[in-house]
Amino acid sequence: MTTVDLPLLPLGRGVDLSAERGVECPGDLPPASDPDLVERARAAKATLGDRVFVLGHHYQRDEVIEFADVTGDSFKLAKDAAARPEAEFIVFCGVHFMAESADILTGPEQQVVLPDLAAGCSMADMARLTQVEDAWDALADAGVGDQVVPVTYMNSSADIKAFCGRHGGVVCTSSNAETALEWAFAQKPPAGPDGTGGGKVLFFPDQHLGRNTAVLKLGMSLDDCVVWDPRLPQGGLSTEQLRDARMILWKGHCSVHGRFSAEVVDSLRATVPDVKILVHPECTHDVVLKADLVGSTEFIIDTVRAAPPGSSWAIGTELNLVKRLAREHPEQKIAFLDKTVCYCSTMNRIDLPHLVWALESLVAGTVVNRIDVDDATERDALVALRRMLDLPGRTAKD
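Quick note: the sequence shown uses the numbering used here, first residue 2, plus one each step.
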């Protein structure tokens, strides 16, 4: 991968004090997989044949992606699984909320397996159902509850999606967040002549996607947005702030995308004058403002594929994908938009040993680490997902 002249901290060595809490690398990644594991994975997958369908998220390790039948982002992969009803087993190489979505969208006779149950998502964990329910009650107590529509990012747990289904809300992806927000605001009467009233959105769990979409796509101001901190009474906001706000943003973020900084963007532009900055909308607002292009993971991939030879890119998204793009496009100059080399630690829990174990267990007749969303949660979550599917425009990619 092409690099730039920026200080790099090797994995597990040194600390970047400018980084957000919770993003430190725990240590060196495991060494390259033993060749025997590769042969075992091939053999198990061949034995299972059409009974198994392996999904690989773009952020997975290459050693895992090698065995994926399809690759993509979370919602695309869940839909791909639903389109394969003949597959008895869906092995989802991603994180927990993704496997939940696959279970919701697939048939009851299909079983979804997550090779490592520790593969979670720190962002999804930042919005717990009890916290969201408490926030909903607090908004009602503040006198604005009937004005609020809940919108949850795809990167959330099944019970959060179900909450939105029960309360007239919707799920969104990073591709269709603008359309989802427009739909949400249309569910409530507009503000009166005096500027009071009007619809509001409670957006969770990623504050940055909500803010970037509201300001850059819907034309709102930063003053229209407030941040709800679930650890504080009434979210740390006054009743007046809640009444004036249009976007109530949950205090959550992606621990990977949240670490990119405007200072690194400036350093790159000074070092590589013709560089194009390409980032995901989960990045902070100041980074997004300095970027040349902003879009979902699929957008990032499509942009690089269509770029002319010799173009120079610094990409703000997960490192496994950036490295893969750099390898697949040697005709371009591709760099990672960070001075600290670090992967998504939870996504990287899915490795070849776990995948081999899951596949060989299925061959032996044992379903391990099954993700099974209960019927009531699945029913309500499906309501919110179907509302998203009914939105106009692109809904199949996140």
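Think of the CB as a built atom: it goes at the ideal place given N, C-alpha and C, for glycine as much as any other residue.
Open item on the list: Does the segment 224-241 come into contact with the segment 270-281, if we say contact requires no fewer than three beta-carbon pairs (one atom in each stretch) closer than 8 Å?
Closed with: no
- [ ] Going by CA-CA distance only, name the one from 252, 117, 107 and 247 that's closest to residue 224.
- [x] As a first step, residue 224 must be located in the sequence shown, where it is residue number 223. Nearest of 252, 117, 107 and 247 to residue 224, Cα basis: 247.
- [ ] Using 10 angstroms around the beta-carbon of residue 339, count the other beta-carbons present and answer buried if the total reaches 16, otherwise exposed.
- [x] As a first step, residue 339 must be located in the sequence shown, where it is residue number 338. So residue 339 counts as buried.
Open item on the list: Please classify residue 95 as buried or exposed, where buried requires at least 16 neighbouring CB atoms within 10 angstroms.
Closed with: As a working note, residue 95 is residue 94 in the sequence shown. Looking at its Cβ environment, which holds 16 or more other Cβ atoms inside 10 Å, residue 95 is buried.
TODO: Thinking residue 47 and residue 57 are a contact (beta carbons under 8 Å), I'd like their distance in whole angstroms, please.
DONE: Translated into positions along the sequence shown, residue 47 becomes position 46. Translated into positions along the sequence shown, residue 57 becomes position 56. Wrong, their Cβ atoms sit about 17 Å apart, outside the cutoff.
Task: residue 347 and residue 123 closer than 8 Å at C-beta - done: Counting from 1 along the sequence shown, the entry for residue 347 is found at position 346. Counting from 1 along the sequence shown, the entry for residue 123 is found at position 122. Contact: yes.
- [ ] Count the other C-beta atoms from every protein chain shown that fall within 10 angstroms of the C-beta of residue 334, then say buried if there are 16 or more, exposed otherwise.
- [x] Within the sequence shown, numbered from 1, the residue matching residue 334 stands at position 333. So residue 334 counts as buried.
Open item on the list: What would DSSP say about residue 315, mapped onto helix, strand or coil?
Closed with: Taking the first residue of the sequence shown as position 1, residue 315 is located at position 314. In the structure shown, residue 315 sits in a strand (DSSP, three-state: E or B).
- [ ] List the endpoints of the continuous beta strand (DSSP E) containing residue 93.
- [x] Along the sequence shown, read from residue 1 onward, the residue named residue 93 stands at position 92. Here the beta strand (DSSP E) through residue 93 covers 90-94.
Task: Beta carbon of residue 129 nearer than 8 Å to that of residue 88 - done: Sequence index remark: in the sequence shown, residue 129 carries index 128 (1-based). Sequence index remark: in the sequence shown, residue 88 carries index 87 (1-based). No.
TODO: Kindly indicate which residue of 263, 49, 303 and 314 has the alpha-carbon position closest to the one of residue 290.
DONE: The sequence position of residue 290 within the sequence shown is 289, counting from 1. Comparing Cα-Cα distances from residue 290 to each of 263, 49, 303 and 314, the minimum goes to 263.
Open item on the list: To the nearest angstrom, how far is the alpha carbon of residue 136 from that of residue 166?
Closed with: Your numbering for residue 136 matches position 135 in the sequence shown. Your numbering for residue 166 matches position 165 in the sequence shown. Approximately 16 Å between the Cα atoms of the pair.
Open item on the list: List, from N- to C-terminal side, the beta strand (DSSP E) runs of 3 residues or more that fit wholly inside the segment 205-288.
Closed with: 226-229, 248-251 and 277-280
Open item on the list: Is it the case that the segment 111-121 contacts the segment 150-157, given that we only count it when at least three CB pairs across the two stretches are under 8 Å?
Closed with: no
- [ ] Assuming residue 206 and residue 100 form a contact by the criterion Cβ under 8 Å, report the distance between their Cβ atoms to the nearest whole angstrom.
- [x] If you number the sequence shown from 1, residue 206 lands on position 205. If you number the sequence shown from 1, residue 100 lands on position 99. The pair is not a contact, with the Cβ atoms about 17 Å apart (cut-off 8 Å).
Open item on the list: With three or more beta-carbon pairs closer than 8 Å as the criterion, would you say the segment 380-387 touches the segment 163-180?
Closed with: yes
Open item on the list: Considering only the alpha carbon of each residue, which of 218, 149 and 190 lies closest to residue 408?
Closed with: For the chain, the structure presents residues 2 to 399; residue 408 sits outside this window and is missing.
Open item on the list: By the three-class DSSP mapping on this structure, what secondary structure does residue 345 have?
Closed with: Reading the sequence shown from its first residue, position 344 is the one you call residue 345. DSSP places residue 345 in coil when its eight states are reduced to three.
Open item on the list: Mapping the DSSP letters down to three states, classify residue 292 as helix, strand or coil.
Closed with: Residue 292 sits at position 291 when you count from the first residue of the sequence shown. Residue state, collapsed to three classes: coil.
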